[in-house]
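Trainee: What follows is a single structure, and I will ask about it in a moment.
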Amino acid sequence: MSSNIKLKGICHHCGQEFIARTTVTKYCCHKCAQRAYKAKVRELRLRGSTADPDTAIKQPKAKENPDSYFDIKTLDYLTVKEAATLLKCDRRTVYRLIKSGRLAAGNLSVRRIRILKKDIDALFVIQREPIKNNDISNSDLSNIPLKDCFNIGQILEEYKLSETSLRSLIQRHKIPKFQKGKFVYIPKKLIEPILIKILRNEYCG
């Protein structure tokens, strides 16, 4: 209860004398009140006590997973939920992998999808394709119709690549390019398969 009478008190945290606003004020400032609260919580944690529900911090309970990760690893085929547990991802990610064709799955009936574990293991096998040497002469390049080519701006806009990434990609795969007017062009047949793999997250460099 507030009062106009100035009451002298001793801070329960720092021990300094202060003018209390109420008869039940324990601390001289907000900072001391915070520090005292943290000290009390720390003490309760050390004692493992939850006797004071106002100050004890509630620890979130870990969700129990009925499917043991190690038990799943011994199975030959898995459900979508088990596959998500094994891959440590969301079930929607597994469905996307199946829909994109990156992960093979069998549909036994409605909501009865089964996935072979060996197909999950195959996701992590990197199949590096040899870099092809695109030997095309300047005369051949100039004869390619512009409708069968991308210009640099189109690639950057449609495939959301940075100029540095695109330049590195062209150099790595030795993709020829040519300039006509103020634009630089690249044949679609040489770069489009690589760009599609990047979109599908299948590109291995």
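Under the UniProt record's numbering, the first residue of the sequence shown carries the number 1, and numbering increases by one thereafter.
Note that the Cβ used here is the ideal one computed from N, Cα and C, for glycine as well.
1) Under the three-state reduction of DSSP, which class applies to residue 184: helix, strand or coil?
2) Whole angstroms is fine: what's the gap from residue 106's alpha carbon to residue 118's?
3) Taking one C-beta from the segment 108-115 and one from the segment 149-164 each time, how about it: are there three or more such pairs within less than 8 Å?
4) Would DSSP call residue 19 helix, strand or coil?
5) Classify residue 115 as helix, strand or coil using the three-state DSSP reduction.
6) Could you have a look at residue 193 and say whether DSSP puts it in helix, strand or coil?
7) Along the chain, where does the beta strand (DSSP E) containing residue 149 start, and where does it finish?
8) Quick check on DSSP: helix, strand or coil for residue 203?
9) Just mark residue 10 as buried or exposed, buried being the case when its beta carbon has 16 or more other beta carbons within 10 Å.
10) Out of 170, 82, 20 and 145, which has the shortest C-alpha to C-alpha gap to residue 180?
11) Return the residue from the list 31, 121, 203 and 108 that minimises the CA-CA distance to residue 83.
12) By how many angstroms is the C-alpha of residue 160 removed from the C-alpha of residue 170?
13) Who does residue 78 pair with in a DSSP beta bridge?
14) Would residue 125 be called buried (16 or more neighbouring beta carbons within 10 Å of its own) or exposed?
15) Could you pull out every residue in the same chain whose Cβ sits closer than 7 Å to the Cβ of residue 55, ignoring the five residues on either side in sequence?
16) Tell me where the alpha helix (DSSP H) around residue 41 begins and ends.
17) Give me whichever residues DSSP pairs with residue 101 in a beta bridge.
Mentor: This is what the structure gives:
1) DSSP places residue 184 in strand when its eight states are reduced to three.
2) Distance from the CA atom of residue 106 to the CA atom of residue 118, rounded to whole angstroms, is 13 Å.
3) Three or more Cβ pairs closer than 8 Å define a contact, and the segment 108-115 falls short of that threshold against the segment 149-164.
4) Under the three-state reduction of DSSP, residue 19 is assigned to strand.
5) Here residue 115 sits in strand by DSSP.
6) Correct three-state label for residue 193: helix.
7) DSSP places residue 149 inside the beta strand (DSSP E), whose first and last residues are 149-151.
8) Coil at residue 203, not helix or strand.
9) By the neighbour-count rule (16 or more Cβ atoms within 10 Å), residue 10 is not buried but exposed.
10) The alpha carbon of residue 180 has as its nearest neighbour, out of 170, 82, 20 and 145, the alpha carbon of 145.
11) Comparing Cα-Cα distances from residue 83 to each of 31, 121, 203 and 108, the minimum goes to 121.
12) In this model, residue 170 and residue 160 are separated by some 15 Å (Cα to Cα).
13) Bridge partners of residue 78: 115.
14) With fewer than 16 Cβ atoms within 10 Å of its Cβ, residue 125 is classed as exposed.
15) For residue 55, the pLDDT reaches just 46, beneath the cut-off of 50, and the residue's location in the model is therefore unreliable, leaving the point undetermined.
16) Per DSSP, residue 41 belongs to the alpha helix (DSSP H) from 30-47.
17) In DSSP, residue 101 forms no bridge with anything.
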